[in-house]
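What follows is one structure encoded as structure tokens, with my remarks underneath.
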Amino acid sequence: MLLFCILLNRLFRGIRNSLIVALTIRTASAADCGHQLRTKVAQTNVKPSYTELTKSRVPESRCPAFQFRAKKSSIVVEGEPHQHRASKLAMPPPTVSSKARVYTDVNTQKTRDYWDYDAHVPSWSNQDNYQLVRKLGRGKYSEVFEAVNVSNNEKVVVKILKPVKKKKIKREIKILENLRGGTNIIRLVDTVKDPVSRTPALVFECINNTDFKELYQKLTDFDIRFYVYELLKALDYCHSMGIMHRDVKPHNVMIDHQMRKLRLIDWGLAEFYHPAQEYNVRVASRYFKGPELLVDYQLYDYSLDMWSLGCMLASMIFLKEPFFHGQDNYDQLVRIAKVLGTDELFGYLHKYHIELDTRFKDLLGQQTRKRWEQFVQTENQHLVTPESLDLLDKLLRYDHQQRLTAAEAMQHQYFYPVLNEQTISNTDTKAISGSNAT
């Protein structure tokens, strides 16, 4: 019994000593960890150098646009272990702002009621004043009819709007009212509503239009200069009024070739320009979309219309309609890059800090810029001149700020023959008027 008590006492003493040793080791370990943690916190509180704040490392990528940006921004951070450099990701830089080079503050200087179309209250006439004659066509947002004003037998065009947001209808009406009487702008005659269905319709002057697919094939060099100049008049006017058309294309340019009359129509996608405002990129028709739309750059301006005009000019002088024939919006940018080059595209993206959609990674490849002379062939050489190629080159630029404005384009030497003819015509008119007076 005594032996059993001695053994039990020694067992308890051994367990106690083991516990004390374990606790001592654990406390020392915790203290060491705390020291390491405090050291780590102290290290993280050290202010980074200027180099660390302003420069960062970006990972490699097979995407050409991404590689371009990586090359521009890559740097080894001073004093940083090599294994941690590759893991540092650069935050995407903010998109660079851009403002129109001309007519920047037109709407800022006008009263709010000029551009606040949401507050506009259109006045509606009775649709019974007009008798529909025949259907001319249909679009995404409307159906178009030839009609007659029953009160005076005047031929008109009636555009019956499909159900859309009231705000969009108000915008189109307000813009057309603001531009009424402008050079080569289609004239809004009336706004009417069906008394039962309340379907709105817009009434316009009637132009004896020739389908562009037929007309473009027989236009002379001078004809092209003349009509492009007339279109520039319309664009410069609407831009001077603070309005972007945003859907310039052959379908929206009515030409009465016999009367040599041109009108810019369909203002359904037009919008008031306000500097630094972001706009919807889902505008314009695919073949005439500017690169800014295709890369989702929302701070665009009037220069979008100048790209679309450039596409029209290219199709007219090269007899290739459309000139950039993409199968979808992605392919559209690829078609453009095959002409203007990918280096130039990446330069544009870098300038405005535009992040390219990853779906372009395997589509773009490496494209070399083509010379415009490469598009000259036997069947179109009579329409191509050094002046036409120079004008085209100054319109079809990736960088929207580098494109000619409408007013600048009108001063281009390509239009000298047109200006000379107009000068002679005006002189003859004055001479006839003078002889009649005597």
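Mapped onto mature numbering (1 follows the signal peptide of the UniProt record, and there is no 0), the consecutive letters of the sequence shown carry residue numbers -30 to -1, 1 to 408. Heads up, the beta-carbon is just placed ideally off N, CA and C, and yes, glycines get one too. Everything numeric in this text was worked out from a predicted model, so none of it was measured.
Which one or two residues does DSSP pair with residue i in a beta bridge?
i, result
"Y100", "N119"
"D160", "V173"
"R108", "E113"
"F242", "I213"
"L234", "I155 and V223"
"S95", "V162"
Roughly how far, in whole angstroms, is the beta-carbon of residue i from the beta-carbon of residue j, given that I think they are within contact range, below 8 angstroms?
i, j, result
"L202", "M380", "5 angstroms"
"H90", "K140", "5 angstroms"
"Y243", "Q268", "Going by Cβ atoms, the distance from Y243 to Q268 rounds to 13 angstroms, so no, they are not a contact pair."
"N77", "G238", "That pair is no contact at about 19 angstroms."
"V162", "E175", "So it is not a contact: roughly 15 angstroms between Cβ atoms."
"I177", "D226", "5 angstroms"
"L310", "R339", "6 angstroms"
"residue 452", "Y73", "No information on residue 452 is available, as it lies outside the stretch -30 to 408 that the chain covers here."
"V346", "S278", "No, V346 and S278 are not in contact; Cβ-Cβ is about 23 angstroms, not under 8 angstroms."
"L274", "E262", "7 angstroms"
"L303", "L264", "4 angstroms"
For the alpha helix (DSSP H) holding residue i, just list the boundary residues, first then last.
i, result
"K340", "First-last for K340: undefined, no H or E at that position."
"V304", "N299 to L310"
"E184", "F182 to L185"
"L263", "P261 to L264"
"D327", "Run containing D327: none; DSSP gives neither H nor E here."
"E378", "A376 to M380"
"N148", "K136 to L149"
"S358", "P356 to L365"
"V76", "V76 to Q79"
"R82", "R82 to W85"
If I follow the unbroken beta strand (DSSP E) through residue i, where does it start and stop?
i, result
"M282", "First-last for M282: S273 to F288, but that is the alpha helix (DSSP H), not the beta strand (DSSP E)."
"V128", "E124 to L131"
Roughly how many angstroms separate the alpha carbons of residue i and residue j, rounded to a whole number?
i, j, result
"I287", "E124", "36 angstroms"
"C281", "V198", "12 angstroms"
"D98", "Y322", "53 angstroms"
"L234", "L334", "34 angstroms"
"D206", "P165", "38 angstroms"
"V114", "A240", "18 angstroms"
"V128", "T153", "21 angstroms"
"H382", "S95", "44 angstroms"
"L350", "E357", "A small fix is needed here, since residue 350 is Asn in this sequence, not Leu. About 15 angstroms."
"G109", "Y386", "37 angstroms"
"L102", "V120", "10 angstroms"
"R71", "I130", "36 angstroms"
"E184", "Y84", "39 angstroms"
"Q187", "L365", "23 angstroms"
"F293", "N122", "43 angstroms"
"V134", "E343", "45 angstroms"
"R150", "K144", "10 angstroms"
"H209", "T328", "34 angstroms"
"F330", "S68", "24 angstroms"
"T375", "Y368", "14 angstroms"
"L315", "A307", "7 angstroms"
"P220", "F258", "10 angstroms"
"K80", "Y87", "13 angstroms"
"S255", "P245", "24 angstroms"
"L362", "G317", "20 angstroms"
"V66", "Q372", "15 angstroms"
"A35", "H320", "Note that A35 has pLDDT 39, beneath the 50 cutoff, so the model's placement of it is unreliable and the number below is only indicative. If I take the Cα positions, the gap works out to 9 angstroms."
"L92", "N396", "Checking the sequence shown, residue 92 turns out to be Pro, not Leu. Taking the straight line joining both Cα atoms gives about 39 angstroms."
"L283", "Y100", "37 angstroms"
"E391", "D332", "51 angstroms"
"E200", "F192", "12 angstroms"
"E116", "T348", "40 angstroms"
"K17", "P64", "Here the model assigns K17 a pLDDT of 41, short of 50, so the residue's position is not dependable, and the following value carries that caveat. Distance between the alpha carbons of K17 and P64 is about 24 angstroms."
"D266", "F182", "30 angstroms"
"H352", "F196", "16 angstroms"
"T169", "K138", "14 angstroms"
"residue 430", "D313", "Residue 430 falls outside the range modelled here, since the chain spans only -30 to 408, and no answer is possible."
When you measure from the CB of residue i to every non-hydrogen atom of the ligand MN, does any distance come out below 6 angstroms?
i, result
"N122", "The ligand MN is not part of this structure, which contains no ligands at all."
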